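Start counting the sequence shown at 1070; every next residue gets the next number (my numbering).
We treat Cβ as the ideally placed atom computed from N, Cα and C, and that holds for glycine.
Since the structure is predicted, the reported quantities are computational estimates derived from the model, not experimental observations.
Scroll down for the structure; my scribbles are underneath it.
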Amino acid sequence: MEKYGLRDFVLEVGVISPVKNQLGLIEALYDLPVPLVFIGQPVAAMPEYAEMCRQRGAQRGNVIFIDRMPHEELPGIYALAAVHALPSWRETPGLASLEAAAAGCRIVTTSIGSTYDYFGDHAWYCYPDDYPSMRRAVEAALQTPPSPTLRQHVLNQFTWQRAGEATLRSYQIALRQV
């Protein structure tokens, strides 16, 4: 983001789709003077949604859309962002939110789904159909220093290493029962 001269922006990484609710985030933060950055490609079946997001973002100003970003560059982008926001209509926790938290970014995510099971009290929650709730969550996250506790929680619980170990244990248990 240094090429854009940005730090302390609100970031959303993920496919550009109504489910991920980028348009809702633009609307909720329409007059908040913080840059918005969206990284992700539009869903092929819904190019009109991406176009609506781009048009509304252009009207708001200070909105950047990046279609492609090499995955190895994302940790640095997450570290530059003030907040990673994912006000989705459904989310499992969102791999992007886990990656952002591991990089030390504050997290705003949907109240819908199992996100609380992953982030607990370390994140801010909002409803995807409630713009004031989105705005309050983002503003609260922006006003709070980054939490090393969230980063440690994610690094201790939700890494590919931990997932692999749990999968191996499950296979070992299953094989003992055969």
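Checklist entry - Is Phe1078 near Val1112, with beta carbons less than 8 Å apart? => result Within the sequence shown, residue 1078 is the residue found at index 9, counting from 1. Within the sequence shown, residue 1112 is the residue found at index 43, counting from 1. Result no, Cβ atoms of Phe1078 and Val1112 do not sit closer than 8 Å.
Checklist entry - Distance, Cα to Cα, Phe1107 vs His1140? => result Counting from 1 along the sequence shown, the entry for residue 1107 is found at position 38. Counting from 1 along the sequence shown, the entry for residue 1140 is found at position 71. Distance between the alpha carbons of Phe1107 and His1140 is about 14 Å.
Checklist entry - Under a three-way DSSP split, which group does Met1095 fall into? => result Taking the sequence shown and counting its residues from 1, one reaches residue 1095 at position 26. It should be pointed out that residue 1095 corresponds to Ile in this sequence rather than to Met. DSSP places Ile1095 in helix when its eight states are reduced to three.
Item to check | Alpha carbon of Pro1144 to alpha carbon of Ala1169, nearest angstrom | outcome: Your numbering for residue 1144 matches position 75 in the sequence shown. Your numbering for residue 1169 matches position 100 in the sequence shown. Pro1144 and Ala1169: Cα-Cα distance of roughly 7 Å.
Next on the checklist: Quick check on the burial criterion: 16 or more other C-beta atoms within 10 angstroms. Buried or exposed for Thr1218?
Outcome noted: As a position in the sequence shown, residue 1218 is number 149, starting the count at 1. Exposed: under 16 other Cβ atoms inside 10 Å.
Item to check | Collapsed DSSP secondary structure at Ile1085 in the structure displayed | outcome: As a first step, residue 1085 is located in the sequence shown; it is residue number 16 there, counting from the start. Correct three-state label for Ile1085: strand.
Checklist entry - Thinking C-alpha only, which one of Pro1214, Leu1164, Val1152, Glu1234 is nearest Arg1076? => result Position 7 of the sequence shown, counting from 1, holds the residue named residue 1076. It is Val1152.
Item to check | Strand pairing of Val1106, partner residues [DSSP] | outcome: Numbered from 1 along the sequence shown, position 37 holds the residue referred to as residue 1106. In the DSSP output, where bridge partners are listed per residue, Val1106 has Leu1080, Ile1133.
Checklist entry - For the putative contact between Ala1165 and Gly1083, defined by C-beta atoms under 8 Å, what is the C-beta separation to the nearest angstrom? => result Here residue 1165 refers to the residue found at position 96 of the sequence shown. Here residue 1083 refers to the residue found at position 14 of the sequence shown. The Cβ separation is near 5 Å, so the contact holds.
Item to check | Contiguous alpha helix (DSSP H) assignments of at least 4 residues, all confined to the segment 1133–1202 | outcome: 1143–1149, 1164–1171, 1184–1188
Checklist entry - Which whole-angstrom value describes the C-beta separation of Cys1174 and Ala1148, a residue pair presumed to lie in contact below a C-beta threshold of 8 Å? => result Position 105 of the sequence shown, counted from the first residue, corresponds to residue 1174. Position 79 of the sequence shown, counted from the first residue, corresponds to residue 1148. Contact flag correct, Cβ pair sits at about 7 Å.
Next on the checklist: Short of 8 Å in beta carbon distance, which residues of its chain neighbour Gln1215, apart from the five on each side in sequence? Order them along the chain.
Outcome noted: The sequence position of residue 1215 within the sequence shown is 146, counting from 1. Rather than Gln, the amino acid found at residue 1215 in this sequence is Pro. Here the set comprises Gly1173, Cys1174, Arg1175.
Next on the checklist: What does DSSP give as the partner residue(s) for Pro1111 in the beta ladder?
Outcome noted: Stepping through the sequence shown from its first residue, residue 1111 is reached at position 42. DSSP lists Ile1085 as partners of Pro1111.
Next on the checklist: Judging by CA-CA distance, which residue of Trp1229, Asn1090, Ile1085, Asp1190 is the nearest neighbour of Ala1210?
Outcome noted: The residue labelled residue 1210 in the question sits at position 141 within the sequence shown. Nearest C-alpha to Ala1210: Asp1190.
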